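Participant: Chains as they are written, first to last, in my numbering: chain R, 1 to 209; chain S, 1 to 396.
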């Protein structure tokens, strides 16, 4: 059987992915105690786990150097997709939302709105779909600061509990879409290693149910 | 700016020595095959009017084309695709010739990719267009050509995957849903997004819906066709499957069945293609090495409806899966006495290609020093007395 590589997003998704793998019967000890190594062989399954940052998971899968990947739908929406998105893993659940300072009327003016976000493509296409012209400002860190400083009228960001928003006097005025972790597969690998990849997908699906 | 003196533009590179040998070898192998089978070369301009690619219902987004402005202010693009210009040629320059016409090309296309994606912006494509050849015989010839082209280049572990746009369109029109939902459905199948597909089809029941649910799984060997056939009563979809079976039988009889696979969820660019679509996959490449299909409506856009099919091989992707070539190392420096140039050149021509070069030095000692520096095995000195050989020891 072909020994496949799966790129897994570091951080919270890694932890939940490993829990899933363990439910599937995979021995994840080497990945649980990684030291400084970034690639680990699963001892009892033909699979190597590559730990990577979310956007890099997509890059590795698109280039085919990893056959599969686990990444949030947020990153997929932002980066575009030329791969197969085969499974909604359910975990890592949150949502994209539009938030403004408490009491602010985002649509109450004829002036062009400014929106700060870490996800400029998501923000742009959302407002495009509503037929609203906004200018999007890319922010790398805590986006909540932008409206507080008067840089933007609102933010588009991932919201989980809403705690950070609340603490900074912001509130959600629109939900944009739900997000969760996805299993993605390189298009060529799917065709070349169908039994191996479908075997893995079915195992995942069975453990999720 | 200083860095622009040393860097090549995003997505481009210099190719040296073995890279050129590999590329020319693969191109030469495929071109000789095309010519043997009666295909003639066309070279279209590197730049074309932007309008050409917009009018031709081309699915290329405008941001993926590299643009220039000509001296009259008209918008030009660097050739983003080989087939559309050839369609133009067929409908204009070739319109009074008898069809089918068999054409091949070996040229670069240019694409604007995002920054730092590692994708090439100049992509070499070597392919054929079989113009004015409708139906089964045209499709079978094109697929056989695709298989033989990859074999001729030395490829072994590859397969050509066939799909048919009617399978999806037949099923989707049986659902009675609008264009917007149909497009969403197509996107799900294209990206094998099982979860979202389920959400979209959701409450719809009936044969077509059940079959669409399974569509992302319907890929693999010829057994997929039987499965697909048994899954639906839809006439359009069924006749697409029958057609694929017939093609498979023809190719199998011709000894090429082992290279053929199917994916009924191959729904990319179905507005552009009109029947059979195909792609080539090869072990070692993360992307397709070949892509093509039937485009019966494209040339009609230029005023002459001609059913046609064709494919392009992505030469660089193909090469990345082939074993590297060994290039012949340089071994000999040819030194010559005054007046002996002609004899020295004759000697060079008689030696195996790439193994010898001429010394630019007038004194034999300088030639010796140069040969040592280059790490060569021998010097052949040409004088009036003939050729003398001087072996060099391995580097101290």
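Even glycine gets a Cβ: it sits at the ideal position worked out from N, Cα and C.
All of these numbers come straight from a predicted model, not from anything done at the bench.
Here's the rule I'm using: 16 or more other beta-carbon atoms within 10 Å means buried, otherwise exposed. How should residue 272/R be labelled?
Facilitator: This structure cannot settle anything about residue 272/R, because the visible part of chain R is limited to 1 through 209.
Participant: When we look at the beta-carbon of residue 46/R and count the other beta-carbons within 10 Å, is it buried (16 or more) or exposed?
Facilitator: Under this definition residue 46/R is an exposed residue.
Participant: In the region 175-187 of chain R, which residues sit with their C-beta less than 7 Å from some C-beta in chain S, listed in chain order?
Facilitator: For the region 175-187 of chain R, which is checked against every Cβ of chain S, the residues closer than 7 Å are 186.
Participant: Report the partner residues of residue 5/R according to the DSSP bridge assignment.
Facilitator: Beta-bridge pairing links residue 5/R to 48/R.
Participant: Counting only beta-carbon atoms, is residue 281/S nearer than 7 Å to chain R?
Facilitator: So yes, residue 281/S belongs to the interface.
Participant: Just list the alpha helix (DSSP H) runs in the region 324-386 of chain S, keeping only unbroken ones of 4 residues or longer that don't cross its boundaries, in chain order.
Facilitator: Listed in chain order, they are 341-350, 364-374.
Participant: How many Å lie between residue 388/S and residue 154/S at the Cα?
Facilitator: Roughly 41 Å separates the two Cα atoms.
Participant: If the cut-off is 7 Å on Cβ atoms, which residues from the region 85-118 of chain S count as contacting chain R, listed in chain order?
Facilitator: The region 85-118 of chain S vs chain R, Cβ under 7 Å: 118.
Participant: Go ahead and label residue 36/S buried or exposed: buried means 16 or more other beta carbons lie within 10 angstroms of its beta carbon, across all protein chains shown.
Facilitator: By the neighbour-count rule (16 or more Cβ atoms within 10 Å), residue 36/S is not buried but exposed.
Participant: Quick one, which residues of the region 41-71 of chain R are near chain S if we go by CB-CB under 7 Å, in chain order?
Facilitator: So the close ones are 63, 64, 65.
Participant: Output, in chain order, the set of chain S residues within a Cβ distance shorter than 7 Å of residue 153/R.
Facilitator: Residues of chain S passing the Cβ test: none, with the nearest at roughly 27 Å.
Participant: Ordered along the chain, which non-local residues of its own chain (more than five positions away) have a Cβ less than 6 Å from that of residue 138/R?
Facilitator: Closer than 6 Å at Cβ, skipping near neighbours: 120.
Participant: In terms of alpha-carbon separation, which member of 301/S, 292/S, 114/S, 159/S lies closest to residue 311/S?
Facilitator: Ranking the options by Cα distance to residue 311/S, first place goes to 292/S.
Participant: Using a 10 Å radius around the Cβ and a threshold of 16 neighbouring Cβ atoms, would you call residue 190/R buried or exposed?
Facilitator: Result: buried.
Participant: Does the Cβ-Cβ distance between residue 189/S and residue 69/S come in under 7 Å?
Facilitator: For residue 189/S and residue 69/S, no; Cβs fall outside 7 Å.
Participant: Taking 7 Å as the threshold (beta carbon to beta carbon), is residue 258/S in contact with chain R?
Facilitator: No, residue 258/S does not count as interfacial toward chain R.
Participant: Ignore the nearest five residues each way along the sequence and tell me which others in residue 192/S's own chain have a CB closer than 6 Å to its CB.
Facilitator: Taken in chain order, the residues that qualify are 216.
Participant: For a test of the three-state rule: what should DSSP assign to residue 9/S, helix, strand or coil?
Facilitator: Note: residue 9/S maps to coil in three-state DSSP.
Participant: Terminal residues of the continuous alpha helix (DSSP H) containing residue 56/R?
Facilitator: Start and end: 54-62.
Participant: Hey, how far is the Cα of residue 63/R from the Cα of residue 365/S?
Facilitator: C-alpha separation (whole angstroms): 53 Å.
Participant: So, is the C-beta of residue 74/R closer than 7 Å to a C-beta in chain S?
Facilitator: Not an interface residue.
Participant: Could you compute how far the alpha carbon of residue 241/S sits from the alpha carbon of residue 116/R?
Facilitator: Near 50 Å, if we compare the C-alpha coordinates of residue 116/R and residue 241/S.
Participant: In angstroms with no decimal places, state the Cα-to-Cα distance between residue 71/R and residue 13/R.
Facilitator: Taking the straight line joining both Cα atoms gives about 8 Å.
Participant: Any beta carbon from chain S within less than 7 Å of residue 121/R's own beta carbon?
Facilitator: No, because no Cβ of chain S sits closer than 7 Å to the Cβ of residue 121/R.
Participant: Note the first and the last residue of the continuous alpha helix (DSSP H) segment covering residue 121/R.
Facilitator: Element bounds for residue 121/R: 120-129.
Participant: From the beta carbon of residue 192/R, is the nearest beta carbon of chain S less than 7 Å away?
Facilitator: Closer than 7 Å: yes.
Participant: Is residue 113/S helix, strand or coil by DSSP?
Facilitator: Residue state, collapsed to three classes: coil.
Participant: Taking the straight line between their C-alpha atoms, what separation do you get for residue 128/R and residue 77/R?
Facilitator: Roughly 15 Å separates the two Cα atoms.
Participant: Just curious, the beta strand (DSSP E) that residue 138/R is in, first and last residue?
Facilitator: Start and end: 134-138.
Participant: Would you identify the three-state DSSP class for residue 158/S, choosing helix, strand or coil?
Facilitator: Strand at residue 158/S.
Participant: Put residue 106/S into one of helix, strand or coil per three-state DSSP.
Facilitator: The answer is strand: DSSP assigns residue 106/S an E or B state.
Participant: Applying the criterion that 16 or more other CB atoms from any shown protein chain within 10 Å of the CB defines a buried residue, is residue 167/R buried or exposed?
Facilitator: It is exposed - the Cβ of residue 167/R has fewer than 16 other Cβ atoms within 10 Å.
Participant: Which residue marks the beginning of the alpha helix (DSSP H) containing residue 77/R, and which one marks its end?
Facilitator: Per DSSP, residue 77/R belongs to the alpha helix (DSSP H) from 73-79.
Participant: Between which residues of its own chain and residue 24/R is the CB-CB distance below 6 Å, once the five residues before and five after are set aside?
Facilitator: Closer than 6 Å at Cβ, skipping near neighbours: 203, 207.
Participant: Which residues, in order along the region 148-168 of chain S, keep a beta-carbon less than 8 Å from a beta-carbon of chain R?
Facilitator: So the list reads 159, 161, given in the order they occur along the chain.
Participant: In chain order, what residues of the region 177-210 of chain S put their CB closer than 7 Å to some CB of chain R?
Facilitator: Residues passing the 7 Å Cβ filter: 191, 192, 193, 194, 195.
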